[in-house]
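Below is one structure; the comments refer to it alone.
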Amino acid sequence: MFIRLIFSLLLYILSSFTSRLSSEGLFARTTLLWQEGDWANEWQGNGMLKSVKRPDGETVSFEYDPLGRRISKTYQDRTTRWVWDGNVPLHEWTDEEDITTWVFEEGSFVPCAKLQNGESYSIITDYLGTPTEMYNSKGKKTWSAELDIYGCVRTFRGRSLSDCPFRYQGQYEDEETGLYYNRFRYYDPNTGTFISQDPIGLAGNNPTLYGYVKDTNNWIDSLGLLNEFGIAGYGSSLHVKDGLTAHELLQNAWLRNNGIISSRMSGIAVENPAMALQEQMMHKTISRLQAEAGLHKPSVLRSQTALENIEMNAEITRRGIYEDLVNNRGWESENAKGFAARKARELKEEAIDFAKKNNLINH
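End of the sequence shown sits at 362 in numbering that gives the first Met the number 0; the numbers just go up one at a time, nothing left out.
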């Protein structure tokens with residue numbers, strides 16, 4: 000017990016120390032004062048990575064727009080620039096003659112095509128949206144890669160790995176640093192962690208603050224913020240443009256049909272606990288099950304109590320998560336059953352607390 004206490008204390012001190020260094024722009028991957036052979040990171044006051052000094056003494060610097068989207072990267076007097084479409088890059092170029100256009104699946108971080116120098120390429124991804132192959136317009140494979148569990152490229156075939164720089168959903172690899180730009184943070188595939196703390200703190204549903212998702216075989220973190228299955232208020236900024244869908248147990252449709260709110264984003268609906276789920280296919284499965292149970296009909300919603308609505312949706316959510324894990328992600332039935340039950344229970348507890356707080360359920 001004493002040893003565990005000392006170990007926990009040391010971890011806390013180390014975490015506080017590295018956090019302070021990061022905020023002061025001194026944090027380095029190996030040492031505080033740069034010397035040949037070291038990596039060193041310099042930070043902006045808002046927590047965004049300003050530059051990386053490489054072991055060879057060269058510096059890679061970055062610039063961002065007011066929304067925190069990276070708009071340039073400079074290395075050895077060569078600057079790459081980006082134009083964004085929401086939270087995904089649209090155009091990329093290093094000079095006026097070399098423009099690359101990226102196409103993503105609608106409303107997601109999954110790349111599906113590349114347009115460059117008059118040629119078009121189709122990008123094939125796995126079930127998590129990770130690129131695995133790329134083909135030109137003639138059907139010839141021009142690029143393929145396989146990642147290990149932390150996102151490091153394990154095998155690669157093609158002209159250049161940077162021909163398709165996307166790794167896990169939302170990640171763009173910088174060959175100059177070995178880091179993956181993940182919108183609000185940078186991910187280090189060598190350690191399987193982010194190099195800076197989560198800007199939304201513990202609300203990101205990850206107590207380590209630097210950690211990526213718990214299971215890279217099944218989860219994603221497109222923005223480096225709220226993980227899949229993370230819970231936040233329906234109207235929370237954590238759910239905005241994260242490539243995931245906010246799913247609530249106490250339906251906002253129930254609140255509206257029972258005269259409690261006027262719209263899905265009004266009144267107490269903003270704080271209604273919602274879980275971040277993938278739209279394809281998990282949330283669609285849950286929506287189908289809700290429709291089969293009549294939960295899209297105003298008459299059914301008006302006939303239910305808040306607790307009845309929560310309990311019915313908790314069971315539907317459990318079943319929807321289970322079916323997706325088994326049918327689309329290759330989980331073993333028993334593991335999926337336990338995981339789905341746990342996640343549905345977590346959201347149910349939050350939903351009941353919310354309903355009690357707003358006098359929709361008796362205490």
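Every residue gets a Cβ at the ideal spot worked out from N, C-alpha and C, and that includes glycine.
Every value quoted in this text rests on a predicted model; they were computed, and no experiment measured them.
- One thing to note: Ala343 has its Cβ within 7 angstroms of the Cβ of Thr316.
- Contact between the segment 287–304 and the segment 263–271 is absent: fewer than 3 CB-CB pairs across the two stretches fall below 8 angstroms.
- Around the C-beta of His295, fewer than 16 other C-beta atoms lie within 10 Å, and the residue is accordingly described as exposed.
- For Ile351, the enclosing alpha helix (DSSP H) covers residues 332–356.
- When secondary structure is reduced to three states using DSSP, Glu270 falls in the helix class.
- Per DSSP, Tyr321 is one residue of the alpha helix (DSSP H) stretching across 305–327.
- Close CB contacts of Pro54 within its chain, under the 8 angstroms cut and outside five residues either way in sequence, are with Glu35, Gly36, Asp37, Trp38 (chain order).
- Residue state for Pro65 is assigned as coil, using DSSP reduced to three classes.
- Pairing Gly138 with Val109 gives a Cβ-Cβ distance that is not under 7 angstroms.
- Beyond the five residues adjoining it in sequence on each side, Ile122 comes within less than 7 angstroms, by CB distance, of Pro110, Cys111, Ala112, Lys113, Pro130, Met133, Cys163 in the same chain, given in chain order.
- A straight-line Cα-Cα distance of about 15 angstroms links Thr192 and Tyr171.
- The criterion of a C-beta distance shorter than 7 angstroms is satisfied by Asn327 and Met280.
- Distance from the Cα of Glu348 is smallest, within the candidate group Ile320, Asp64, Asn271, Ala144, for Asn271.
- When the five nearest sequence neighbours on each side are left out, the beta carbons in the same chain lying within less than 6 angstroms of the beta carbon of Tyr179 are those of Arg166, Gln170, Glu172, Tyr186, in order along the chain.
- Straight across, the Cα-Cα distance linking Trp101 with Val82 is about 10 angstroms.
- Excluding the 5 residues flanking it on each side, Asp125 has same chain C-beta neighbours closer than 7 angstroms at Thr131, in chain order.
- Going by DSSP, Leu288 is part of the alpha helix (DSSP H) stretching over 283–291.
- DSSP, read as helix, strand or coil, puts Asn256 in helix.
- Assignment of Pro54 by DSSP, reduced to helix, strand and coil, places it in the coil class.
- Note on geometry: alpha-carbon atoms of Tyr120 and Thr99 lie some 11 angstroms from one another.
- Less than 7 angstroms separates the beta-carbon of Ile230 from that of Met274.
- Secondary structure at Leu300: helix, using DSSP grouped into helix, strand and coil.
- For Asn86, the secondary structure class from DSSP, reduced to helix, strand or coil, is coil.
- Rounded to the nearest angstrom, the Cβ distance from Ala305 to Ile360 is 5 angstroms, consistent with a contact under 8 angstroms.
- Pairing Thr284 with Gly319, the inter-Cα distance amounts to about 6 angstroms.
- Beta-carbon to beta-carbon, Ser161 and Glu174 are separated by about 6 angstroms, close enough to satisfy the 8 angstroms threshold.
- Per the DSSP secondary-structure output, Val59 pairs in a beta bridge with Val51, Tyr74.
- Relative to the Cα of Ser107, the nearest Cα in the group Asn312, Leu66, Thr190, Gln277 belongs to Gln277.
- Residue pairing by DSSP puts Met133 in a beta bridge opposite Ile122, Trp142.
- With 16 or more other Cβ atoms inside 10 Å of its own Cβ, Leu243 counts as buried.
- Beta-bridge partners of Arg158 (DSSP): none assigned.
- Assignment of His295 by DSSP, reduced to helix, strand and coil, places it in the coil class.
- With a beta-carbon spacing of about 17 angstroms, Leu324 and Ala313 fall beyond the 8 angstroms limit used to define contacts.
- Closest by C-alpha distance to Trp142, out of Ile148, Gly150, Arg158, is Arg158.
- In this structure, the straight-line span from the alpha carbon of Thr73 to that of Arg184 is close to 18 angstroms.
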